[in-house]
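Comments concern the structure below.
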Amino acid sequence: MDEFPGAGGFRQRGVRDFLDHRGLRILPLAKKNAISCNRTQSPIDESGGDLRKLRATCMNRLFFVLVALFSSFTLEAWSQKIHIVTRNIEPFSFEQNGRRVGYAMDLWQEVAREAGIDYDVKVVGTAQEMVDALTNRTADAAVGALSVTSKREEIMDFSQPFYESGLQILTSGKTASIADTIFQLVGNLLNWKLVGAFTLLIVVMLVISHLVWLYEHKVNEEMWPKSYRHGLWESFWWTVSTLLVGGADNKGPVGVGGRIVAIIWMLLSIVLVSLLTASFTTTLTVNTLKGDISGPGDLPGRDVATIAGSTAANWLANHGANPKPYATMAECITALKRKEVSAVVYDAPLVQYAVSKDGDEKLQLVEPVFDRQNYAIGLQQDSPLRERINRALLSLAESGANIDLQKKWFGSASE
5 MDEFPGAGGF RQRGVRDFLD HRGLRILPLA KKNAISCNRT QSPIDESGGD
55 LRKLRATCMN RLFFVLVALF SSFTLEAWSQ KIHIVTRNIE PFSFEQNGRR
105 VGYAMDLWQE VAREAGIDYD VKVVGTAQEM VDALTNRTAD AAVGALSVTS
155 KREEIMDFSQ PFYESGLQIL TSGKTASIAD TIFQLVGNLL NWKLVGAFTL
205 LIVVMLVISH LVWLYEHKVN EEMWPKSYRH GLWESFWWTV STLLVGGADN
255 KGPVGVGGRI VAIIWMLLSI VLVSLLTASF TTTLTVNTLK GDISGPGDLP
305 GRDVATIAGS TAANWLANHG ANPKPYATMA ECITALKRKE VSAVVYDAPL
355 VQYAVSKDGD EKLQLVEPVF DRQNYAIGLQ QDSPLRERIN RALLSLAESG
405 ANIDLQKKWF GSASE
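Here is the structure:
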């Protein structure tokens, strides 16, 4: 009689091999005084302690076998090579000198080393293909610029986030002609802030003109006529000349009161001239390179380039814009330069990286970054790899390795 019922069957599942590998073995019960789980054996006092011992023995053996089976299955699952998918998206994952590099890929290599994971890599075209590979269970993990969204979380799992991102707008300025610049300048001068500033300036100049005339027409009637109309006009002329060129050659106050007012106005004129010069210079510079999109609120109704199947494409469609899908950021920027679209909207770090590589000064990043989101490693739903990957990510964060990678690929560490 086999004292461990079903042991032969369990051997077929690898239990004995697993136990031998672990340095363990199943010991058969002694023939003498053995308590069998088989109810056809020698009679037992069911009302005494023998029945309790029998039940305890059977439960202990069953528990031991189940633990061994689970351990064997888990060990086998964790020791095999896993399949990851990624896509070409600089600077997170791309091919360079025959190697797969980028911030996300470098981080994954550190995670795999920390967690003891062996893997192979398959490159797909879009973020949606990465998601599909996980839901179809043809891949175990997705590595790259994969945004965490509630919709994706319903069908897959994510590791803890490793990078904070968001969407950003890219526009292309146009070099304005002289006529366009003049019209734009006049248009800017008509805004309420500048109208208010010039109104205040004129009021101050009138006050100064009145004060100078009040003091000077009593002591210098030749230069400051007593007639209010003529006297104020001469005084206003002197005030404007002082503001623009530092004074009038043939006119100046001679009385004490008039000179005190003149000193105050001269000092104030220096400040006002500096502010006016800076304001006009800024206006001319901005109007040389200027787009007509200043934020997300200007996107509805416009054709906007983005990456096909991305969260940016979904956001644009949900907010009234007309998303035009492209395969790469380079194609999006080309469409923008050709005026095929009004703007490009995509993940901020990827837009910024593409602009820095392109080097075209007409490309304008529009602030602020909006629709904040995070990047994480995508996993199959209920993946046994999740805890191991999260522990590895935490370990890398504690050691500062992720900060070093951010400096390598982005020039500065993001929080």
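Residue numbers for the sequence shown, in the numbering used here: 5 to 419.
Backbone N, C-alpha and C define an ideal beta-carbon position, used for all residues, glycine too.
Going by Cα to Cα distance, which pick from Val373, Trp413 and Leu398 is closest to isoleucine 173? Val373
Is the region 92-103 touching the region 142-159, taking contact as three or more C-beta pairs under 8 Å? yes
For histidine 221, I'd like the list of residues in its chain whose CB is within less than 8 Å of its CB, leaving aside the five on either flank, ordered along the chain. Trp228, Pro229, Lys230 and Gly235
Just verifying my parser: in three-state terms, what is the DSSP assignment at threonine 130? coil
Alpha-carbon to alpha-carbon, phenylalanine 166 and lysine 411: 14 Å
Rounded to the nearest angstrom, what separates isoleucine 159 and arginine 390 at their Cα positions? 15 Å
Quick check on DSSP: helix, strand or coil for asparagine 378? strand
As a quick exercise: from Gly120, Gly250 and Ile93, pick the residue whose alpha carbon is nearest that of leucine 397. Gly120
Flag this pair as yes or no: are the beta carbons of alanine 334 and alanine 309 separated by less than 8 Å? no
When DSSP labels each residue in this structure, what does glycine 256 get in the three-state scheme? coil
Histidine 221 - DSSP class collapsed to helix/strand/coil: coil
Assumed close pair serine 163, isoleucine 311 - CB separation to whole angstroms, cut-off 8 Å: About 22 Å separates the two Cβ atoms, so there is no contact after all.
List the DSSP bridge partners of glutamine 100. Arg103
Name the one or two DSSP bridge partners that isoleucine 86 has. Tyr123
Tell me, to the nearest whole angstrom, how far the beta carbon of alanine 143 is from that of lysine 155; I am working on the premise that it is less than 8 Å. Alanine 143 to lysine 155, Cβ: 19 Å. No contact.
So, helix, strand or coil for aspartate 161, using DSSP? strand
Cβ-Cβ distance between lysine 85 and aspartate 122 below 8 Å: yes
At what residues does the alpha helix (DSSP H) containing lysine 361 begin and finish? 352-362
Does the beta-carbon distance from aspartate 307 to leucine 171 come in below 8 Å? no
Is it right to say glycine 129 is buried, meaning 16 or more other beta carbons lie within 10 angstroms of its own, or is it exposed? exposed
Three-state secondary structure (DSSP) of lysine 328: strand
Own chain residues within Cβ distance below 8 Å of valine 115, not counting five before or after: Ile121, Ile381, Ile393, Ala396, Leu397 and Leu400
Taking buried to mean at least 16 other C-beta atoms within 10 Å of its own C-beta, is arginine 26 buried or exposed? Reliability of the predicted coordinates at arginine 26 is poor, the pLDDT of 42 falling under 50, and the value obtained from them is presented with this limitation in mind. Classification for arginine 26: exposed.
Per-residue DSSP class, three states only, for aspartate 386: coil
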